[in-house]
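Some notes on the structure that comes next.
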Amino acid sequence: MPRTPRMKVSELANPNRFMRMAKWMIPLFAALAAVLLAIGFYFGFNAPAERDQGITARIMFVHVPTAWLALGVYTMMAIAALGTLVWRHPLADVAQKAAAPIGAAFALVCLVTGSVWGRPTWGTYWEWDGRLTSMLVLFLIYLGIIALWRAFEEPLQAAKAVAILTLVGFINIPIVKFSVDWWSTLHQPASVFRLDGPTMHASYLNPLLICALGFSFLFAAMLTAAMRNELLRRRVRTLTIFAANEAR
Amino acid sequence: MMRAVAAILRRDLALSFRAGGGAGIGVIFFLCVVMVVPFAIGPDQKLLTSIGPAILWIGALLASLLGLDRIFGADAEDGSLDLLLLAPLPLEVIAFTKALAHWLATGLPLVIATPLLGLLLGVEFNALCAAALMLLVGTPAIAFLGSIGAALTATLPRAGLLIAVLIVPFTIPVLIFGTAATAVAITEASFFGTAFKLLLALALFSFVIGPVAAAAALRIGRGA
Amino acid sequence: MLLTGPNGSGKTSLLRQIAGLLPLDAGTISFAGFDRRDETHFVGHAAAIKEALTVSENLAFYCDLYGSKVAAPDAALARLKLGSLASLPARVLSAGQRRRLALARLVAIRRKLWLLDEPDTALDMEGRETLLAIIAGHRASGGMLVMASHGTLDVAASRTLALDTDAKAAA
């Protein structure tokens, strides 16, 4: 599970301080992401062709990190939801709102790459395979969260409703995942995280982990930028209401 | 008059696409319907491929019924409907324009999403094209028929489910000829068979009866 | 014409009947020399404002819908002291500002007959004076006006119809 920058946001509780820090955080994270992804993709695409699937297996350097991140972002959102409901952290719902479309995008990239990967492997663009299907359900949950955000006008009211939905989702996702796995009979066993150690060859595993780290920094950069946008959007909204009150 | 029609169209589309308008939720619901079917009948690719177009039609029909209450309900709530009724414009034209705006905001996205969702069901490429084309003709028919239900219940709060119940029986012909035309297009690779012509006729019919009946319903509701 | 009377005496119903928004129990309403649909302004309790649209979009919509503009929408908004709010979404408006936005339609669009249902609701002193000036201008240019009011607006009506609950059947 990639660590997300949410963990250290406790130091940036003050939105103003966050805005100042965002100025250097965004380019720093973006640069780290670019370097790591370049290295990861370079070694990944120079890895020996896979025995059964040939070069098509290389799409995993995008597919697998985005799958991990789609789950990781949701975990972060669940923590942020706790931040909204329990600790009443002023940036928690901003982070939650900013993360939702990014998480949905990761889930979508994972689905699309999975589908493109599936074409030569399964012969169809889509197979109701357990893991892909779970990702589709996760994507749908993301869309629901985004729709709920958009349905409310008042951000603080929306934050509480979305936080509850996110936490309910967090509790339910393992149940959904278990049900879908049980339902699906057509899937390979997970091959990276196993109790007896990774079975994947190091020439694949190392670039994969570098890519995962690169995508995590990409997420960090996008999240920081999106949070800054959301804070600015709320300022505009407050100023708008203020202007209306002034003009009476 | 074109100016007034353009104004209604522009306003209704803006209201649908701005925050809180909910234009995209229909597509998400469509995705939900398509996704739920394989869970219920099992991930049997052959079976899904053969019933895929039918699932797409049912999904699009259900998603089209969703949100029909917004055509007139939102305007009735805030008093805009009174002012629309007093506008120097035939009420039928207003009803037509509002149903068209509703279809553009909610129906057209369903048609655009159809090929993607069809991939999930393993529908063949030519079948995808056929289903999307038939839905392009069928969903406006559903929206315009639905506008009648929306007008009948304009002043009722939370009429969404009621409208669906009222309108489903009238959409059955659209479903029959739409799925038949899709099947013909897939098996015989010809788009313009009898079923398609009948579907087209149903759509044209709905463009007339929808606004006329909706306008009558609004007039009776307001005594105008 | 001024309609007065206690709550429930039928002022709103009568206005809606004149506008053709409510069926008549009996009798007819005739309009001498003009078509109701082309010449009526109706300002009811609901302000008919879309919160997601901006202030100027709200007004511009009705200008396009009704046609026959007399004043530029911007000028109408300025008259009602909404000029500085034109580009803000209508959801941020207070009750009084919403009322003024509804009244801006009277200024922007030419209509012979104005049907106003307690148009001064939620207005402050300044807003009432603006409304009275707008009404005076309308009457000076030969316009007709039927207004329901609790007597909070100081207009010299040419006719006053006092409705009470017994008179409802007759009206």
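Chains as they are written, first to last, in my numbering: chain A, 1 to 248; chain B, 1001 to 1224; chain C, 2001 to 2171.
Quick reminder that beta carbons are idealized off the backbone N, C-alpha and C, glycines included.
Exercise for the section: Examine chain B for any beta-carbon lying closer than 9 Å to the beta-carbon of residue 129 (chain A), and answer yes or no. Expected result: Numbered from its first residue, the first sequence carries residue 129 (chain A) at position 129. For residue 129 (chain A), the answer is yes, since a Cβ of chain B falls inside 9 Å of its Cβ.
Practice task
Taking residue 1111 (chain B) as part of the alpha helix (DSSP H), name the residues at either end of that continuous run.
Solution key: The residue labelled residue 1111 (chain B) in the question sits at position 111 within the second sequence. 1108-1120 is the extent of the alpha helix (DSSP H) around residue 1111 (chain B).
Practice task
State yes or no: is the beta carbon of residue 1035 (chain B) nearer than 9 Å to at least one beta carbon in chain A?
Solution key: Residue 1035 (chain B) sits at position 35 when you count from the first residue of the second sequence. Yes, residue 1035 (chain B) lies at the interface with chain A (some Cβ there is under 9 Å from its Cβ).
Handout entry: Terminal residues of the beta strand (DSSP E) in which residue 2042 (chain C) lies
Key = In the third sequence, residue 2042 (chain C) corresponds to position 42, counting from 1. Counting along the chain, the unbroken beta strand (DSSP E) around residue 2042 (chain C) starts and ends at 2040-2043.
Practice task
Taking residue 1039 (chain B) as the query, report the chain A residues whose CB atoms sit under 7 Å from its CB, ordered along the chain.
Solution key: As a working note, residue 1039 (chain B) is residue 39 in the second sequence. Listed along the chain, the chain A residues whose CB falls inside 7 Å of the CB of residue 1039 (chain B) are 183.
Handout entry: Proximal residues of chain C, C-beta to C-beta of residue 1007 (chain B) below 7 Å
Key = Counting from 1 along the second sequence, the entry for residue 1007 (chain B) is found at position 7. From the beta-carbon of residue 1007 (chain B), the residues of chain C found nearer than 7 Å are 2061, 2064 and 2065.
Problem - Minimum Cβ-Cβ distance from residue 1086 (chain B) to chain C less than 9 Å - result: To locate residue 1086 (chain B), count along the second sequence from 1; it is residue 86. Yes, residue 1086 (chain B) lies at the interface with chain C (some Cβ there is under 9 Å from its Cβ).
Practice task
Could you check how far apart the C-beta atoms of residue 2111 (chain C) and residue 2047 (chain C) are, in whole angstroms? I think they sit under 8 Å.
Solution key: The sequence position of residue 2111 (chain C) within the third sequence is 111, counting from 1. The sequence position of residue 2047 (chain C) within the third sequence is 47, counting from 1. At roughly 17 Å, the Cβ-Cβ gap does not stay under 8 Å, so residue 2111 (chain C) and residue 2047 (chain C) are not in contact.
Exercise for the section: Please work out which residues of its chain come closer than 7 Å, Cβ to Cβ, to residue 1132 (chain B), disregarding the five sequence neighbours upstream and downstream, and give them in chain order. Expected result: The residue you call residue 1132 (chain B) lines up with position 132 of the second sequence. Result list for residue 1132 (chain B): 1111, 1114 and 1115, in chain order.
Handout entry: Within 9 Å, strictly: CB atoms of residue 1006 (chain B) and residue 2064 (chain C)
Key = Within the second sequence, residue 1006 (chain B) is the residue found at index 6, counting from 1. Within the third sequence, residue 2064 (chain C) is the residue found at index 64, counting from 1. Their beta carbons are under 9 Å apart, which means residue 1006 (chain B) touches residue 2064 (chain C) by this criterion.
Exercise for the section: Excluding the 5 residues preceding and the 5 following residue 2147 (chain C) in the sequence, name in chain order all residues of the same chain whose CB lies nearer than 7 Å to its CB. Expected result: Here residue 2147 (chain C) is taken as the residue at index 147 of the third sequence, counted from 1. Excluding positions up to five away in sequence, the list reads 2002, 2003, 2116 and 2119.
Problem - Anticipated Cβ contact below 8 Å, residue 1117 (chain B) with residue 1056 (chain B), distance rounded - result: Residue 1117 (chain B) sits at position 117 when you count from the first residue of the second sequence. Residue 1056 (chain B) sits at position 56 when you count from the first residue of the second sequence. The distance from the Cβ of residue 1117 (chain B) to that of residue 1056 (chain B) is about 6 Å, consistent with a contact at the 8 Å cut-off.
Exercise for the section: Please classify residue 2134 (chain C): is it buried, with 16 or more other beta-carbons within 10 angstroms of its beta-carbon, or exposed? Expected result: Taking the first residue of the third sequence as position 1, residue 2134 (chain C) is located at position 134. By the 10 Å Cβ count, residue 2134 (chain C) comes out buried.
Problem - Same chain only: Cβ atoms within 7 Å of residue 250 (chain A), ignoring 5 sequence neighbours per side - result: Outside the shown range of chain A (1 to 248) lies residue 250 (chain A), about which nothing can therefore be said.
Exercise for the section: Using a Cβ cut-off of 9 Å (strictly closer), state whether residue 121 (chain A) contacts chain B. Expected result: Here residue 121 (chain A) refers to the residue found at position 121 of the first sequence. Not closer than 9 Å to any Cβ of chain B, the Cβ of residue 121 (chain A) fails to qualify, so no.
Problem - Residues that residue 1028 (chain B) contacts on chain A, provided the C-beta gap is smaller than 8 Å - result: Sequence index remark: in the second sequence, residue 1028 (chain B) carries index 28 (1-based). Neighbours of residue 1028 (chain B) on chain A, chain order: 140, 143, 144 and 147.
Handout entry: Selected residue, minimal CA-CA separation from residue 2130 (chain C), among C:2011, C:2144, C:2091 and C:2106
Key = Counted from its first residue, the third sequence places residue 2130 (chain C) at position 130. Residue 2130 (chain C) has its Cα closest to that of C:2106, out of C:2011, C:2144, C:2091 and C:2106.
Handout entry: Backbone CA spacing between residue 120 (chain A) and residue 1105 (chain B) [nearest angstrom]
Key = For the purposes of this step, residue 120 (chain A) is taken as residue 120 along the first sequence, with counting starting at 1. For the purposes of this step, residue 1105 (chain B) is taken as residue 105 along the second sequence, with counting starting at 1. Rounded to the nearest angstrom, the two C-alpha atoms are 36 Å apart.
Practice task
Verify the contact flag: residue 1003 (chain B), CB atom, against every heavy atom of the ligand ADP, threshold strictly below 8 Å.
Solution key: For the structure depicted, the ligand ADP is absent and the ligand set is empty, with no information on it obtainable.
Handout entry: Nearest-angstrom Cα separation, counted from residue 66 (chain A) out to residue 1044 (chain B)
Key = By one-based count along the second sequence, residue 1044 (chain B) stands at place 44. By one-based count along the first sequence, residue 66 (chain A) stands at place 66. Distance between the alpha carbons of residue 1044 (chain B) and residue 66 (chain A) is about 27 Å.
Exercise for the section: Report the residue from A:69, A:114, A:137 and A:242 whose alpha carbon sits nearest the alpha carbon of residue 126 (chain A). Expected result: Position 126 of the first sequence, counted from the start, is the residue given in the question as residue 126 (chain A). The residue with the shortest Cα to Cα distance from residue 126 (chain A) is A:114.
Exercise for the section: Mind the definition here: the segment 228-246 of chain A touches the segment 2015-2028 of chain C only if three or more C-beta pairs lie below 8 Å; say whether that holds. Expected result: Touching, no.
Problem - Sheet register partners of residue 2116 (chain C) (DSSP bridge) - result: Working through the third sequence from its first residue, we reach residue 2116 (chain C) at position 116. DSSP output for residue 2116 (chain C) lists C:2043 and C:2147 as bridge partner(s).
Problem - Residue(s) in a DSSP beta bridge with residue 2160 (chain C) - result: Reading the third sequence from its first residue, position 160 is the one you call residue 2160 (chain C). Residue 2160 (chain C) is bridged to C:2002.
Practice task
Leaving out five residues on either side along the sequence, give the residues of the same chain with a beta carbon under 8 Å from the beta carbon of residue 2049 (chain C).
Solution key: Start at 1 with the first residue of the third sequence, and residue 2049 (chain C) comes out as number 49. Closer than 8 Å at Cβ, skipping near neighbours: 2058, 2090, 2093, 2098, 2101 and 2102.
Problem - N-terminal and C-terminal residue of the alpha helix (DSSP H) that residue 93 (chain A) is part of - result: As a first step, residue 93 (chain A) must be located in the first sequence, where it is residue number 93. Its alpha helix (DSSP H) spans residues 92-122.
Exercise for the section: Give a yes or no on contact between the segment 101-114 of chain A and the segment 40-48 of chain A, applying the rule of three or more CB pairs nearer than 8 Å. Expected result: Flag = no, the segment 101-114 of chain A and the segment 40-48 of chain A do not touch.
Problem - Cβ neighbour criterion (16 or more within 10 Å) applied to residue 79 (chain A) - result: Within the first sequence, the letter at position 79 stands for residue 79 (chain A). It counts as buried.
Exercise for the section: Give every residue of the same chain whose Cβ lies closer than 6 Å to the Cβ of residue 1184 (chain B), excluding the five residues on either side of it in the sequence, and list them in chain order. Expected result: Counted from its first residue, the second sequence places residue 1184 (chain B) at position 184. 1193 and 1195.
Problem - chain A contacts made by the segment 2081-2101 of chain C, where a contact means CB separation under 8 Å - result: From the segment 2081-2101 of chain C, only 2081, 2082, 2084, 2085, 2088, 2089, 2091, 2092, 2093, 2094, 2096 and 2097 have a Cβ closer than 8 Å to chain A.
Exercise for the section: Pick helix, strand or coil for residue 2049 (chain C), following the three-state DSSP scheme. Expected result: In the third sequence, residue 2049 (chain C) corresponds to position 49, counting from 1. Here residue 2049 (chain C) sits in coil by DSSP.
Exercise for the section: Can you grab the Cα-Cα spacing for the pair residue 198 (chain A) / residue 207 (chain A), in whole Å? Expected result: The count along the first sequence starts at 1 and reaches residue 198 (chain A) at position 198. The count along the first sequence starts at 1 and reaches residue 207 (chain A) at position 207. Because residue 198 (chain A) sits at a pLDDT of 48, beneath the cut-off of 50, its placement in the model cannot be relied upon, and the following sentence gives the value as read from the coordinates. Near 14 Å, if we compare the C-alpha coordinates of residue 207 (chain A) and residue 198 (chain A).
Handout entry: Residue from A:116, A:27 and A:32 with nearest C-alpha to residue 225 (chain A)
Key = Your numbering for residue 225 (chain A) matches position 225 in the first sequence. Considering only alpha carbons, the answer is A:27.
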